[in-house]
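**Student:**
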Amino acid sequence: MATEILDTLGVKCPQPILKIAVKAPTMKPGDILEVWGDCPTFERDVRIWCQRLGKVLVSVQDDGEIAKRIQIQF
Amino acid sequence: MENKITCQDYSCSQTDNCPILKFGSGHCRNISKTVIYGEQNEAFFKIVEKCLSCPCLDNISTQTSPLKFLMEMVRHLLVIARQTATKDRDLENISLEMAMGLSEVFDALKKISSGDPSVRITETSDVELIVRLKQMVNETAVNLGEIVDMLHEFAMGLAEHFDVLHRVSSGDLSARVTGSSPVELLSSLKQMTNQMIQIVAHEIAERKKAQEDAQESGRQLSTLMGNLPGMVYRCNYNEKWTMLLVSDGCKHLTGYETQDLKHDAVISYGDLIHPDDRQKVLDTVQAALCQKKSFQMEYRIVDRNRQIKWVWEQGVGVYSDDGEVMAIEGYIIDITDKKQSEFERQILEQKLQQATKMEAIGTLAGGIAHDFNNLLMGILGNVTLSLMNIDTSHPLYDRLKNIEKHVQCGADLTRQLLGFARGGKIEVKTTNLNELIQNSLEMFSRTKKELSVSTMFQPDLWNVDVDRGQIHQVMLNLYVNAWQAMPGGGQLIVRTGNEVIDSHDARMVHLPSEYYVKITVADTGVGMDAQTCERIFEPFFTTREKGRGTGLGLASAYGIIKNHGGIIHGYSEKGIGTTFTIYLPASKKMAIQEKRPDDTQMAAFGAILLVDDERLILEVAQLMLEKLGFRVISASNGPDAIEIFKNQKDQITLIILDMIMPEMNGGDVFDRLKAIDQNVRVILASGYSLNGHASDIMTRGCRGFIQKPFSLEDLTRKIQDVLTNE
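As given, the protein sequences belong to chains E and X, one line each in that order.
Just so you know, our numbering puts 31 at position 31 of the first sequence, and the rest follows in order with no gaps.
Just so you know, our numbering puts 621 at position 547 of the second sequence, and the rest follows in order with no gaps.
1. Can you give, in chain order, each stretch of the beta strand (DSSP E) that sits fully within the region 488 to 562 of chain X and has at least 3 residues?
2. Is it buried or exposed, Leu18 of chain E, if we count other Cβ atoms within 10 angstroms and call 16 or more buried?
3. Name the chain E residues whose beta carbon is nearer than 7 Å to that of Glu234 of chain X?
4. Looking at the unbroken beta strand (DSSP E) that takes in Phe779 of chain X, where does it start and where does it end?
5. Could you tell me which residues DSSP pairs with Trp49 of chain E in its beta bridges?
6. Below 8 Å between beta carbons is the criterion; list the residues of the region 253 to 283 of chain X that meet it against any residue of chain E, in chain order.
7. Can you list, in chain order, the residues of its chain whose CB lies under 8 Å from that of Gly30 of chain E, leaving out five sequence neighbours each side?
8. Taking only three categories from DSSP, how would you classify Asp38 of chain E?
9. Which residue or residues does DSSP assign as beta-bridge partners of Ser646 of chain X?
10. Does His150 of chain X pass the burial test, meaning 16 or more other C-beta atoms within 10 Å, or should it be called exposed?
11. Could you tell me which residues DSSP pairs with Cys13 of chain E in its beta bridges?
12. Within the continuous alpha helix (DSSP H) that includes Gly231 of chain X, where are the two ends?
13. Along the chain, which unbroken stretches of the alpha helix (DSSP H) at least 4 residues long are found entirely within the region 380 to 465 of chain X?
14. In chain order, what residues of the same chain lie with their CB nearer than 7 Å to the CB of Asp338 of chain X, ignoring the 5 residues before and after it?
15. Do we get a CB-CB distance below 8 Å when we pair Leu18 of chain E with the residues of chain X?
16. Quick one: is Asp541 of chain X buried, meaning 16 or more other Cβ sit within 10 Å of its Cβ, or exposed?
17. Residues of chain X with a CB under 7 Å from the CB of Ile48 of chain E: which are they?
18. At least one CB of chain X closer than 8 Å to the CB of Ala2 of chain E: is that the case?
19. In whole angstroms, what is the alpha-carbon distance linking Ile154 of chain X and Thr196 of chain X?
20. Taking 8 Å as the cut-off, decide whether the C-beta atoms of Ala715 of chain X and Thr652 of chain X are in contact.
21. Taking the alpha carbon of Leu566 of chain X as the point to measure from, which residue in X:Ile545, X:Asn537, X:Met602 and X:Glu524 has its own alpha carbon closest?
22. So for Tyr311 of chain X, helix, strand or coil by DSSP?
23. Where does Met371 of chain X sit, in a helix, a strand or coil, going by DSSP?
24. Suppose contacts are defined by Cβ-Cβ distances below 8 Å. Is Asn448 of chain X in contact with Glu688 of chain X by that definition?
25. Comparing C-alpha positions only, which one of E:Glu34, E:Ile32, E:Asp62 and E:Pro16 sits nearest to Ala233 of chain X?
26. Would you mind sorting Tyr393 of chain X into buried or exposed? The rule is 16 or more other CB atoms within 10 Å of its CB.
27. Can you have a look at His276 of chain X and say buried or exposed, based on whether 16 or more other CB atoms are within 10 angstroms of its CB?
28. Given a cut-off of 8 Å on the beta-carbon distance, is the pair Met371 of chain X and Val355 of chain X in contact?
29. Bridge partners of Thr3 of chain E, per DSSP?
30. List the residues that DSSP assigns as beta-bridge partners of Glu573 of chain X.
31. Report yes or no: is there a C-beta of chain E within less than 8 Å of the C-beta of Gly219 of chain X?
32. Can you give me the start and stop residues for the alpha helix (DSSP H) that Ala361 of chain X sits inside?
33. For Ile726 of chain X, write down the residues that DSSP places opposite it in a beta bridge.
This is the structure we're talking about:
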């Protein structure tokens, strides 16, 4: 199982979700994708995406005032 | 530093009440060019007010003084100044409110611009403009929120569709868009996408099933074709018969792998067809294709091991819509075994026909010989007895000797005939043929000096169960035949050997056993053509000029060998010579050494019972036996003989018994005699031999057989043989 980083800092919503969607096909079952984001709806958007696509949201870590690191397991 | 003046310079105030002077600097701050502090600020006005209320100014007496006027002006200015200060304070308050409100609006807009339309600000302010601005910001946030929510919904829907389509493209046809969306377009898109995936999945499943069905059909066809004993093919219509498709049977049929033949990779099928059959194959196929009919044909191929095989092929043309031959499809099987069987069957049929013909001739010849021998017996007996009673100087002696000689020739002739016709061996003894052949050769070569005789005998030759006299006759016949084929001399080569014939070959030649003794008699004579060679065993068939051959020698040899369970065949090439080959079944018994009867020691004793239905034979034989010193009791039929033997068995030394008699045949009589005395000595006599009949009686304990006509000498030797070989 590999862990990959996807940096969407400074990218406005809902672009982080679109970036995750593009990245998703390269992930193998069990892999972890850690997404960095700082747009206001970043966490909410990732949660909804995980729920709708059946992925596991492993953790959400605040990283400063706005920026967050969210781990998704495929 | 510039000199400062004080207000005292203008007002001439000398009072110490001047508050300004109290500052200590001595300079009035309210008058230009004096030392002042903050001309425009509030302190100035306050100071000015203090100045105006300064008591020193009350001392100014004239109203028209410039100072007073100035003071009035100042007062007026102070009033204005006060009013202006109030307004400034109001403006300052407004300015502050606007700054606060704008800051709030700015922060809200900043959040909105960062993508968070959830921000709201309180819509209260002293400044109406700010209130209105805040209201607009909140309205904008609300409106923008809807747009952002929709944008997120689109993004989320797009992401889900992307994921589902990716899974579908990766082969996961179970993937479906599941999320619900308030956006109508996305709902419709979801429905269409799922429907499209379902259709594609169905289509793929159908194709997959069709492909699997096709593969299964192909596998079944391949298995079916592979299990067929022959080769299924599809080939081009050309001279090479280029194979486009061949089944696995190709390997077994041709020795080549399927890929070797496909597209003529290693060899073309046309090259495998026997060169002599190629034109026939081409003509047959062409004729069938012209009529758009199937074709069947038999021809030969040469397989990878250079073995010639017979094949049977059935095929049919495959035509395009415009009638052009596109290919030929068909089936080829190996029929070599069938062809071989047909060939063998033809050979066997020929042999059967030949055997039937020989059998018929044999029966005829046997019948004639029987009657003829009885006649000869009568003549010979009488001549023999006559000769015994006359002196050699008698005028009839030579004539009687001539008659005897000619009767002997006649007897030899019928013996040959009987040799061909008789159905069984008479006196079977286990024999080593090397010795028998050597003896016969020595006897023959003594009289035929012009021939070079050589032998190649196998040491430890297996024994055979044979009638030695008959085999001796066969060998002499073959030697005579060779000698006659070599009028100017030549080589006669006789070989013997042990042979093991496998079951297939044994079946081919109708032989019952696998172990044989082989005899070959080869000459370097004139040889025969094939047609002649086919008829050499027929009785009375001869190529010799009249008087030199009877045509019975080889026929007799044929009959004797056949009756011994063997075969004889001849192979000849004109100008090269002829070779006769005999196969006789080997025996596991030890060879019996022949006891040579001593003619001089013949001691007659006792009585001989002579049984024959022919009166002439009875008379002649009785005289012969009496001549030998025996007492003779005659019986003309079986029952009489039995009765006599029953009564006088102690006196009867030997019985000479005719085989063929009307009331009771020799075999039955023998059995009855044997029932009376187990050790009864019986010699069978016959001018005829039924098929195997004499042999049967011999195996039941009969001591010997004498062929009619017999001479006194023959009779003496046979009686001696029986009496001394007990």
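All C-beta atoms in this analysis are idealised placements derived from N, C-alpha and C, irrespective of residue type, glycine included.
**Tutor:** In terms of the structure at hand:
1. 502 to 505, 525 to 530 and 537 to 541
2. Looking at its Cβ environment, which holds 16 or more other Cβ atoms inside 10 Å, Leu18 of chain E is buried.
3. Those are Arg52 and Leu53, listed as they occur along chain E.
4. For Phe779 of chain X, the enclosing beta strand (DSSP E) starts and ends at Gly778 to Gln781.
5. None; Trp49 of chain E has no bridge partner.
6. Within the region 253 to 283 of chain X, Gly253 place their CB atoms closer than 8 Å to a CB of chain E, listed in sequence order.
7. So the qualifying residues of the chain are Met1, Gln73 and Phe74.
8. coil
9. X:Thr652
10. exposed
11. In the DSSP output, where bridge partners are listed per residue, Cys13 of chain E has none listed.
12. Glu202 to Ser243
13. 410 to 463
14. Lys314 and Thr316
15. yes
16. buried
17. Met230
18. no
19. 39 Å
20. Contact: no.
21. X:Glu524
22. coil
23. Note: Met371 of chain X maps to strand in three-state DSSP.
24. Judged by their CB atoms, Asn448 of chain X and Glu688 of chain X are nearer to each other than the 8 Å cut-off.
25. Of the candidates E:Glu34, E:Ile32, E:Asp62 and E:Pro16, the one whose C-alpha sits nearest the C-alpha of Ala233 of chain X is E:Pro16.
26. exposed
27. exposed
28. Going by C-beta atoms, Met371 of chain X is nearer than 8 Å to Val355 of chain X.
29. When DSSP reads this structure, Thr3 of chain E sits in a beta bridge with E:Ile32.
30. X:Tyr590
31. It does not: the Cβ of Gly219 of chain X has no partner Cβ on chain E nearer than 8 Å.
32. Taken as a continuous stretch (DSSP letters only), the alpha helix (DSSP H) holding Ala361 of chain X covers Arg352 to Cys364.
33. X:Ala681
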